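Chains as they are written, first to last, in this note's numbering: chain U, 1 to 123; chain D, 124 to 474; chain C, 475 to 645.
For glycine and all other residues, C-beta sits at the position ideal for the given N, C-alpha and C.
All values derive from a computational prediction rather than experimental measurement.
Okay, so here's the structure we're looking at.
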Amino acid sequence: MFERFIPVLLVLGVAGAFSGVFLAISFLLGPRRPDALKDSTYECGIPARGSIQIRFFVRFFLVALFFLLFDLEAVFLYPWVVLYKGLLASGAGGFALTEMGVFLLVLLTGFLYVWKKGGLEWQ
Amino acid sequence: MDILTALLQGLPGFGGMSDQGLFITGAAVMATLMFTVMALCAIVFTWMERKVAGFIQSRYGPMRTGRWHGWAQAVADMLKILGKEDIIPAEADKGLFVFAPLVVLLGSLLAWVAVPWAPGFVAADLDLGLFFIFAASSMVVIGILMAGWASNNKWALYGAARGAAQMVSYEIPLALATIPVIMHVGSLNTQDIVIAQQGGIWHWFILRDPFLFVAFWMYFIASIAETNRGPFDMPETESELVAGYHTEYTGMRFAFFFLAEYANLFLVSLIAVFVFLGGWWSPIPGLDFAPALTFVIKGILMVFLNMWVRWTLPRVRVDQLMYLCWKVMIPVTLLCIVGSGILMITSGAVG
Amino acid sequence: MEGLLFWFCGSLLLLGGVMMVVQRSAVVSALWLVFAFLSAAGIFAVLGGTFLAVMQVLVYAGAIMVLFLFVIMMLQGPVMDGERRLMHPALWPLIAAPPAAVLIMLAGFLRGDRMVGFAGAPAPGFGSVVQVATLLLGRYLLAFELISIILLVALIGALAVGRGERKLPWK
Numbered sequence: 001m002f003e004r005f006i007p008v009l010l011v012l013g014v015a016g017a018f019s020g021v022f023l024a025i026s027f028l029l030g031p032r033r034p035d036a037l038k039d040s041t042y043e044c045g046i047p048a049r050g051s052i053q054i055r056f057f058v059r060f061f062l063v064a065l066f067f068l069l070f071d072l073e074a075v076f077l078y079p080w081v082v083l084y085k086g087l088l089a090s091g092a093g094g095f096a097l098t099e100m101g102v103f104l105l106v107l108l109t110g111f112l113y114v115w116k117k118g119g120l121e122w123q
Numbered sequence: 124m125d126i127l128t129a130l131l132q133g134l135p136g137f138g139g140m141s142d143q144g145l146f147i148t149g150a151a152v153m154a155t156l157m158f159t160v161m162a163l164c165a166i167v168f169t170w171m172e173r174k175v176a177g178f179i180q181s182r183y184g185p186m187r188t189g190r191w192h193g194w195a196q197a198v199a200d201m202l203k204i205l206g207k208e209d210i211i212p213a214e215a216d217k218g219l220f221v222f223a224p225l226v227v228l229l230g231s232l233l234a235w236v237a238v239p240w241a242p243g244f245v246a247a248d249l250d251l252g253l254f255f256i257f258a259a260s261s262m263v264v265i266g267i268l269m270a271g272w273a274s275n276n277k278w279a280l281y282g283a284a285r286g287a288a289q290m291v292s293y294e295i296p297l298a299l300a301t302i303p304v305i306m307h308v309g310s311l312n313t314q315d316i317v318i319a320q321q322g323g324i325w326h327w328f329i330l331r332d333p334f335l336f337v338a339f340w341m342y343f344i345a346s347i348a349e350t351n352r353g354p355f356d357m358p359e360t361e362s363e364l365v366a367g368y369h370t371e372y373t374g375m376r377f378a379f380f381f382l383a384e385y386a387n388l389f390l391v392s393l394i395a396v397f398v399f400l401g402g403w404w405s406p407i408p409g410l411d412f413a414p415a416l417t418f419v420i421k422g423i424l425m426v427f428l429n430m431w432v433r434w435t436l437p438r439v440r441v442d443q444l445m446y447l448c449w450k451v452m453i454p455v456t457l458l459c460i461v462g463s464g465i466l467m468i469t470s471g472a473v474g
Numbered sequence: 475m476e477g478l479l480f481w482f483c484g485s486l487l488l489l490g491g492v493m494m495v496v497q498r499s500a501v502v503s504a505l506w507l508v509f510a511f512l513s514a515a516g517i518f519a520v521l522g523g524t525f526l527a528v529m530q531v532l533v534y535a536g537a538i539m540v541l542f543l544f545v546i547m548m549l550q551g552p553v554m555d556g557e558r559r560l561m562h563p564a565l566w567p568l569i570a571a572p573p574a575a576v577l578i579m580l581a582g583f584l585r586g587d588r589m590v591g592f593a594g595a596p597a598p599g600f601g602s603v604v605q606v607a608t609l610l611l612g613r614y615l616l617a618f619e620l621i622s623i624i625l626l627v628a629l630i631g632a633l634a635v636g637r638g639e640r641k642l643p644w645k
């Protein structure tokens, strides 16, 4: 099976090599005249103030957390989805749908709870 | 892949090669081909984008370079960018700054591996093709966060955080919207998905049942957000964040972000084509003489639709963006999955 | 071929792990962890667990690490001063001792005839999505359904963590 993944490695290699070549060309052709002003951080032309440790909106963290959970849900959906047609053909379609229905229903409860409690609000 | 190895076998000098050697040579040729196509599509689409934007806004867009409608403008831009200075800000984290564009570019190119261009013509014929595509393109998010952090610029970091939040949020409806199709196919292999749509436009999944029709539009909206374009270009709102996560990038490294954006745009359009719009099959059965061409033309039409949306609709706010994703698209795509599943049982039609 | 790829991915995984530990910047450290996860996915793919490999990339490298990066970027700057004090050279042997012990035990266990080798190609379809799905929805159905409960608990937990002290749902 893993042979099928060899093209993936090759694409990585080829694309990496090409990107390197392009970078090298631009390195050879491009000028290099660094100066303090050019190398400073560009924040709308005003000298940058303070550090990058800005206060982040906690919502970003929450979005990443919800994403993780729903991503997992999608990952568990995939195996079921691949089998669904086969189960349907063998007459076990209702069973298959119930299996997934229970799984989704539990998650839907959580989703509705979070929704109701305002966890999906961006403010 | 199969076609390529067969072709190689016919060439003098390759006849005596072992199967493994042929396979690897074929894969290397395919990889080079893909990189070329990607570079080419970035050039073509930048020109196309400027023309489309121009006509939508009642102006011409590029007209001079290369005489006919400024067709050479994008080529000239690419050549110019090669000769630009590569500035690495003094405050930046050098290692991350250098590698971030490569991660973004490789992430989007890697996903191309499983795209079925024509029967037997796919770089890696993976059993979990579609799943692999989503996994590979999730690496782009890491690259964007890398770029934003390494720049050591508040706007860049904020743009990266917004971009990452948006891309991960819309990854869910994007993946969920393709699930009803996989239920009909019973396989994640990209070629199988196309083969299941043989036989004219009414066999394409977009027209199979009403839930799939809705799922297609959900996919389309999510794909616009996933490429950070159109009304959803929050990560680079030029009026708020300078240019978002690539504010500090210049020259070739900036070009890599640019390349990746168009590679991603073409990728999501191609996914839409092979998942919902019949892949390499022509709308009228029996006219399938140039499958790869049909596939690419459909892809370009999808890209055009994408550009049309981008230049027509005003930008949404961050809260509207999140509202749309979590409170509209995720429930609707889940409904599509359940609806399509029930419809498959009641109609008794398997396939 | 398998052997070559296995050792290649394995050494990349080790490199990723070591680089992750020795970094001063938490963000760079997290990115080396992504690298290590990708190498681990490579090992899964070589061993025939293709579904697991892709899942590793999608969930660990693509989702969990994004969360990690958000948290790190939110909480601290590029260099953690407290950590630096902890990494005093005198403490290095102490830190290195437990992993070294595990390594020695593993090496002892794998010595001789128990040395890991490739027992030939796995059965056709091994590790594929269909096989995983058949097991998940057949033999391990209860575990599969219980996963949804775990996800539900995690959802509510995430809400409680994210809303802060003032706006806890039950207050």
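- Within chain U, no residue has its beta carbon less than 9 Å from that of residue 327 (chain D); the closest one is some 18 Å off.
- Around residue 508 (chain C), the same chain offers 535, 539 as residues with beta carbons nearer than 7 Å, after the five sequence neighbours per side are excluded.
- Between the alpha carbons of residue 155 (chain D) and residue 8 (chain U) lies a gap of roughly 12 Å.
- Using a Cβ-Cβ cut-off of 8 Å, residue 452 (chain D) does not count as an interface residue toward chain C, since no Cβ of chain C sits closer than that to its own.
- For residue 435 (chain D), the number of other beta carbons within 10 angstroms of its own is below 16, and it is reported as exposed.
- Contact holds between the stretch 364-380 of chain D and the stretch 269-277 of chain D, because three or more Cβ pairs, one in each stretch, are under 8 Å apart.
- It is roughly 27 Å from the alpha-carbon of residue 160 (chain D) to the alpha-carbon of residue 287 (chain D).
- For residue 241 (chain D), the three-state secondary structure derived from DSSP is strand.
- Distance check between residue 157 (chain D) and each of D:220, D:232, D:170 places D:232 closest, using alpha-carbon atoms only.
- For the 8 Å CB-CB criterion, residue 262 (chain D) and residue 226 (chain D) form a contact.
- Chain-ordered, the chain U residues with CB closer than 7 Å to the CB of residue 155 (chain D) read 14.
- Taking the Cα of residue 453 (chain D) as reference, the smallest distance to any Cα among U:70, U:100, U:23 is reached at U:70.
- Nearest in C-alpha terms to residue 466 (chain D), of all of D:402, D:304, D:450, D:396, is D:304.
- Boundaries for residue 438 (chain D): no alpha helix (DSSP H) harbours it, and the DSSP string shows neither H nor E there.
- For residue 64 (chain U), the nearest beta carbon of chain D is closer than 8 Å to its own beta carbon.
- Relative to the Cα of residue 391 (chain D), the nearest Cα in the group D:256, D:201, D:165 belongs to D:256.
- Looking from the CA of residue 389 (chain D), the closest CA among D:209, D:202, D:234 belongs to D:234.
- The alpha-carbon of residue 175 (chain D) is positioned some 15 Å away from that of residue 165 (chain D).
- Nearest to residue 35 (chain U) by C-alpha distance, out of D:208, D:317, D:278, is D:208.
- If you look at residue 222 (chain D), you'll find it in the alpha helix (DSSP H) that goes 217-234.
- A straight-line Cα-Cα distance of about 21 Å links residue 618 (chain C) and residue 632 (chain C).
- DSSP places residue 270 (chain D) in the uninterrupted alpha helix (DSSP H) bounded by 262-273.
- Contacts between residue 324 (chain D) and chain U, judged by CB atoms closer than 8 Å, are missing: the closest CB pair is about 22 Å apart.
- The beta carbon of residue 512 (chain C) is closer than 6 Å to those of 535 in its chain, skipping five residues each way along the sequence.
- Sequence-ordered contacts of the stretch 77-92 of chain U with chain D read 77, 78, 81, 82, 84, 85, 86, 88, 89 [C-beta pairs closer than 7 Å].
- Against chain U, a Cβ distance below 7 Å from residue 226 (chain D) picks out nothing, because the smallest value is about 11 Å.
- Under the Cβ criterion of 8 Å, residue 261 (chain D) is counted among the residues facing chain C.
- Put simply, of D:200, D:330, D:403 the residue whose alpha carbon is nearest the alpha carbon of residue 422 (chain D) is D:403.
- When DSSP states are grouped into helix, strand and coil, residue 321 (chain D) belongs to the coil group.
- In the three-state reduction of the DSSP assignment, residue 92 (chain U) falls in the coil class, being assigned neither a helical nor a strand state.
- In the structure shown, residue 180 (chain D) falls within a coil segment according to DSSP collapsed to helix, strand and coil.
- Note on the stretch 384-428 of chain D: there is no whole beta strand (DSSP E) run with a minimum of 3 residues.
- The C-alpha of residue 253 (chain D) is placed about 13 Å away from the C-alpha of residue 246 (chain D).
- Interface annotation, residue 10 (chain U): not in contact with chain C, CB-CB separation never under 8 Å.
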